[in-house]
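The block underneath contains the structure these notes are about, expressed in structure tokens.
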Amino acid sequence: MTTFSFLDDYSEGAHPDILSALTESNYVQQAAYGEDTYSADATNRIKARLGSTFNGAIHYVANGTMANIVAISSCLRPHEAVIAVNSGHIVVREAGAIEATGHKLITVPAVDGKLTPESIEAVLSSNAHFPHMAKPRLVYISNATEAGTVYTLPELRAISALARQRGLILFLDGARLGAALASSKNDATLADIASLVDLFWIGGTKVGALVGEAIVVCNPALADDFAFHIKQRGGMLAKGRLLGIQFQELFGVKNLFFENARHANAMAAKLAAGIVSHGYALDAETATNLVFPILPDSVIAALKEHFSFHLWAKAGSECSVIRLATSWATDERQVDAFLARIAQLANAAKGGLRPVDESR
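Residue numbers (our numbering): 1 to 360.
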């Protein structure tokens, strides 16, 4: 039976404009290893959005785990550690990739998926018995978070100010940065982020690229020899043009990076509103392209006959949280079909519905 996937935001291939650009440039000879004209133009287009004071560097790698490994390991000495929330992507979704580079992860509980200045201060206080403890040195945040929430500009400024005051490196994982910047809850720009963090990356894979992420090194002190780290970690593609061409399109005249993210967010918002309208609660506010409904297990089993999604967590003896992820290519007709099925199931089992929690 054919099912429609809400498992992730990269079930589809690439935006047609990106595929066309790759095809049209196929026989044009270019320099290798990211020294091509496409990558140079993509870098200029991104820099135009980073503010006039940006004085760093931009590099391209194929995937998010590589971006995290290279960015984090390039900054740290062997005894230095990373501060992250316990739900952070590098903590729970990357098979210990950062620990495999030799760096300890010091985790704290998340607040709506986010790291807070208070949590950072607590880590610094409880990990200061030097040289007997790993030294907290890098602060890891992701925007959007694993819970689909978004850091506000005041929150980013507070974490940045603390990091600079305490001599910490601030790193932002931007796998879903497009979704965060396109969120109705967002009040920050790419230029704001570039001014507040030491390095971050712009996710392309989850916003319409075939593959590819752009690492932005904002702190010039960290930019020296950065390409060596990419090469040593196996992240430097001989055909680096493939990454440059895609970011050319994402930040081109059609503004695909933001338009694709807006579509994904709009589809998630429609899912969330429809699910709530049928009497079910959400485990987290829908701010980006991730939706976390709380549904009876019987309803989940019936939905799985036609749709695929992640079972996220138990929410009682007979209910669970699922995660629905929408993408740049999510067909609105499939959103409508999902909500129609929810309506059928709700009407068939009204006595077992979980009431909407109006306090959320």
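Cβ atoms here follow ideal geometry from the backbone N, Cα and C, with glycine treated the same way.
Distance from the CA atom of residue 156 to the CA atom of residue 27, rounded to whole angstroms, is 44 Å.
DSSP links residue 90 through a beta bridge to no other residue.
Note that the segment 289 to 298 touches the segment 314 to 331; at least 3 beta-carbon pairs, one per stretch, sit closer than 8 Å. Judged by DSSP in its simplified three-state form, residue 218 adopts coil rather than helix or strand. Under the Cβ criterion (8 Å, minimum of three pairs), the segment 275 to 288 counts as touching the segment 332 to 351. Under DSSP, residue 323 takes part in a beta bridge, and its partners are 310.
By the C-beta criterion, the segment 261 to 274 is judged to be in contact with the segment 179 to 194, since at least 3 inter-stretch pairs fall below 8 Å. For residue 170, the uninterrupted beta strand (DSSP E) segment begins and ends at 169 to 173. Secondary-structure assignment with DSSP links residue 111 through a beta bridge to 114. Per DSSP, reduced to three states, the secondary structure at residue 42 is helical.
Under the three-state reduction of DSSP output, residue 293 falls in the strand class.
By alpha-carbon distance to residue 287, the top candidate from 269, 7, 274 and 302 is 269. In terms of CA proximity to residue 175, 289 leads the group 29, 35 and 289.
Residue 208 is a Cβ neighbour of residue 15, given a cutoff of 7 Å. Residue environment: residue 114 is assigned as buried (16 or more neighbouring CB atoms within 10 Å of its CB, all protein chains considered). The Cβ atoms of residue 192 and residue 153 sit closer than 7 Å to each other.
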